[in-house]
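Residue numbers (the working numbering): 246 to 820.
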């Protein structure tokens with residue numbers, strides 16, 4: 246940091262101490278306006294101060310733009326964090342062949358088709374007192390206080406009804422009862438002329454059956470007139486033919502107490518609307534490629550804006566507004582940051598391998614395979630930015646949407662290219678993405694040594710664990726246990742979103758990030774320049790004070806000579 250006087254990093258505006266403003270030369274001496282001479286001299290000596298002020302303006306502008314860029318990158322990185330895993334990046338949709346079932350993908354559902362047969366729907370237990378109808382809901386049904394009793398789950402539940410209660414009031418009393426809540430409820434059925442009183446279970450399912458044991462002295466209600474219009478029952482269904490019927494032909498079904506079933510197919514909720522025939526309903530789970538397409542195009546737009554902002558800031562491209570061009574910076578760290586971002590987009594994904602029909606691999610291992618390229622035309626408005634061939638992207642999504650999703654959002658995914666060993670797990674955030682050379686030796690039926698990238702690993706039976714280096718946390722299971730030395734490659738995959746997010750985290754890290762360091766550098770320049778301005782203001786004020794005193798003395802001397810000259814002229818004229 247440059248000289249900061251006694252102000253450290255705090256700069257206070259300089260307060261002039263000259264008293265020259267109290268002196269006037271007008272009409273004195275020989276008529277020369279010395280104040281103009283002083284002002285002109287001070288102005289001529291102000292070139293350094295003006296240069297410093299211009300540099301302050303430039304550096305403050307750059308700090309402001311850098312801070313805006315950091316905020317923009319942070320916002321973009323938050324978006325990336327919300328889609329850097331497969332289940333966050335892609336979305337699935339369910340298609341059904343019949344309205345008897347509605348299906349919604351709610352989790353990690355597999356891309357496949359299921360057949361569902363619905364034998365019966367879940368129902369509530371419904372009882373209607375159909376012996377007596379009421380002409381009006383305001384009919385008073387209790388002259389004295391009484392009690393209605395219902396058995397639910399082996400428990401007798403009493404609801405007290407006050408004297409003078411109307412039909413509608415009795416319904417409200419039962420439904421507001423804490424003891425009846427979530428167990429049973431009351432309702433009215435209107436047949437067009439009269440109202441009938443209804444009691445029913447609060448939930449569907451055979452375990453929610455109710456028994457009405459006493460209606461007290463409620464007018465018009467009689468247990469003998471009670472009709473069960475709907476029986477409490479579970480929903481019954483088969484999924485992909487499961488469960489199979491017994492050998493004797495008796496049917497077996499999956500049973501659920503509700504018609505909303507979320508635990509028979511992973512990641513999917515089924516709403517049963519009607520029963521089906523024995524052929525059932527087919528439910529196909531597919532990638533929502535339209536949604537994935539929108540996600541990718543938005544990713545490109547946001548990233549291109551960041552690339553453009555860095556280009557403008559570093560002078561790689563210019564963008565004139567109102568005939569003015571913003572300040573630019575020449576900073577090596579910014580150049581590295583820009584190059585890193587571009588390199589991530591153009592390079593192959595970490596831990597991915599090129600696809601081969603014979604040996605397998607990843608169908609897509611680089612963004613260039615799905616329509617990504619960089620505009621290299623220096624005369625183009627999008628020079629240096631990402632160009633997305635949307636037709637090529639759509640073709641890739643139609644061909645293998647899972648592979649596209651993995652290219653973007655694979656996260657700590659371990660794979661082996663050998664049948665000799667398999668990846669059990671990796672530690673996300675610890676195990677670095679990439680390829681690892683595996684070598685182990687078996688002697689006398691015992692695993693005696695194992696190495697990952699030449700570093701010895703921890704051995705536990707037939708498993709090995711990397712405890713140091715980039716591979717730390719890589720956990721493998723040995724499959725081939727024959728004597729000899731075995732080797733192969735294990736890969737830890739990371740999609741482009743995760744790789745880019747990690748790079749942006751490093752760029753904006755408050756302690757070690759490129760942007761905070763560059764911002765601090767320019768803020769320090771501003772502080773140093775403001776101190777230099779302070780020192781220049783002191784020097785110029787001292788200069789003005791000195792000149793004022795000198796010219797005041799000169800003016801006084803000239804005034805004396807002028808007075809003497811007038812006196813001599815008068816004497817000569819009178820002689």
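Built from N, CA and C at the ideal position, the CB exists for glycine as well. None of these values were measured; they are calculated from a predicted model.
Are the beta-carbon atoms belonging to residue i and residue j less than 8 angstroms from one another?
i           : j           : result
residue 382 : residue 335 : no
residue 346 : residue 612 : no
residue 331 : residue 623 : no
residue 760 : residue 314 : yes
residue 401 : residue 458 : yes
residue 608 : residue 648 : yes
residue 316 : residue 551 : no
residue 354 : residue 512 : yes
residue 534 : residue 642 : yes
residue 339 : residue 528 : yes
residue 723 : residue 742 : no
residue 361 : residue 526 : yes
residue 337 : residue 540 : no
residue 788 : residue 298 : no
Helix, strand or coil for residue i per DSSP?
i           : result
residue 466 : coil
residue 597 : coil
residue 513 : strand
residue 213 : Since the first residue shown for the chain is 246 and the last is 820, residue 213 is missing from the structure and cannot be characterised.
residue 419 : helix
residue 337 : strand
residue 673 : coil
residue 572 : coil
residue 563 : coil
residue 748 : helix
residue 527 : strand
residue 518 : coil
residue 649 : helix
residue 414 : helix
residue 628 : coil
residue 364 : strand
residue 695 : strand
residue 768 : helix
residue 736 : strand
Rounded to the nearest angstrom, what separates residue i and residue j at their Cα positions?
i           : j           : result
residue 281 : residue 574 : 40 angstroms
residue 304 : residue 718 : 46 angstroms
residue 733 : residue 664 : 9 angstroms
residue 720 : residue 711 : 7 angstroms
residue 596 : residue 655 : 10 angstroms
residue 821 : residue 450 : Outside the displayed range of the chain (246 to 820) lies residue 821, so it cannot be described from this structure.
residue 505 : residue 599 : 44 angstroms
residue 592 : residue 686 : 35 angstroms
residue 432 : residue 326 : 50 angstroms
residue 453 : residue 530 : 33 angstroms
residue 273 : residue 803 : Any reading at residue 273 must be qualified, since the residue scores a pLDDT of 48, below 50, and its modelled position is unreliable; no value is offered.
residue 584 : residue 683 : 32 angstroms
residue 557 : residue 294 : 28 angstroms
residue 755 : residue 625 : 35 angstroms
residue 657 : residue 674 : 8 angstroms
residue 324 : residue 773 : 38 angstroms
residue 482 : residue 455 : 24 angstroms
residue 494 : residue 486 : 14 angstroms
residue 610 : residue 594 : 6 angstroms
residue 794 : residue 782 : 18 angstroms
residue 563 : residue 544 : 24 angstroms
residue 375 : residue 470 : 6 angstroms
residue 615 : residue 634 : 8 angstroms
residue 405 : residue 438 : 29 angstroms
residue 605 : residue 498 : 41 angstroms
residue 805 : residue 812 : 11 angstroms
residue 524 : residue 359 : 12 angstroms
How would you call residue i, buried or exposed, if buried means at least 16 neighbouring beta carbons within 10 angstroms?
i           : result
residue 310 : buried
residue 809 : exposed
residue 476 : exposed
residue 446 : buried
residue 738 : buried
residue 814 : exposed
residue 746 : buried
residue 488 : exposed
residue 380 : exposed
residue 444 : buried
residue 479 : buried
Could you tell me how far apart the beta carbons of residue i and residue j are, in whole angstroms, since I believe they sit closer than 8 angstroms?
i           : j           : result
residue 670 : residue 735 : Actually they are not in contact, since the Cβ atoms of residue 670 and residue 735 sit about 12 angstroms apart, beyond 8 angstroms.
residue 416 : residue 520 : At roughly 31 angstroms, the Cβ-Cβ gap does not stay under 8 angstroms, so residue 416 and residue 520 are not in contact.
residue 393 : residue 461 : 6 angstroms
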